[in-house]
Amino acid sequence: MLQDTLVEHSSQGQFTLEGRQDILAAAIGRPKHPGRVRVAGPGVGITDYFGSSSRQPSYSYSDTQRMTEEITKKVRQDLREEIRAEVRAEFQMLYQQQFQSMRPVPSPIEEHVIPPPPTEIQDYYTSS
Numbered sequence: 001m002l003q004d005t006l007v008e009h010s011s012q013g014q015f016t017l018e019g020r021q022d023i024l025a026a027a028i029g030r031p032k033h034p035g036r037v038r039v040a041g042p043g044v045g046i047t048d049y050f051g052s053s054s055r056q057p058s059y060s061y062s063d064t065q066r067m068t069e070e071i072t073k074k075v076r077q078d079l080r081e082e083i084r085a086e087v088r089a090e091f092q093m094l095y096q097q098q099f100q101s102m103r104p105v106p107s108p109i110e111e112h113v114i115p116p117p118p119t120e121i122q123d124y125y126t127s128s
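For the sequence shown, the UniProt record's numbering assigns the number 1 to the initial residue and increments by one for each residue that follows.
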């Protein structure tokens with residue numbers, strides 16, 4: 001049977017598509033015609049067979065506009081928070097680097113004062 005042969009060729013990868021020839025067109029024996037319904041015959045288009053799409057949009061323009069504004073506001077707020085967090089982290093890192101690189105400034109007095117020998121300190125405290 002033709003359909004069995006087509007299924008076998010398709011499963012083995014031997015069926016190749018050429019132009020408008022797909023496996024359904026080969027099984028039916030008719031070429032594919034875009035915009036037509038095959039079972040309805042010639043001259044019957046998709047909208048003739050299935051009818052037009054009469055669905056109305058579920059949201060009005062003002063609803064869509066309002067939702068767009070809300071989403072935009074939320075995205076901007078999230079972006080601001082993200083930027084603030086990044087800037088805060090960058091400043092904290094720079095502050096820590098600056099703090100670690102700072103060394104205590106030596107006192108000019110300490111550099112020029114020579115401490116007394118330990119024996120003089122003991123004598124000072126014991127003589128009173």
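Every residue, glycine too, gets a C-beta built ideally from N, C-alpha and C.
Could you give the first and the last residue of the continuous alpha helix (DSSP H) run that contains Y59?
Run containing Y59: none; DSSP gives neither H nor E here.
Using a threshold of 7 Å, is the CB atom of M102 nearer than that to any non-hydrogen atom of the ligand NAP?
As far as ligands go, the structure on display features none, and thus does not contain the ligand NAP.
Can you look up S52 in the DSSP assignment and give me helix, strand or coil?
In the structure shown, S52 sits in coil (DSSP, three-state: anything other than H, G, I, E or B).
So, helix, strand or coil for M102, using DSSP?
Note: M102 maps to coil in three-state DSSP.
How many angstroms separate the CA atom of L79 from the CA atom of Q100?
Near 32 Å, if we compare the C-alpha coordinates of Q100 and L79.
What number of angstroms, rounded off, separates the C-alpha of E69 from the C-alpha of T47?
Cα to Cα, the separation comes out at about 36 Å.
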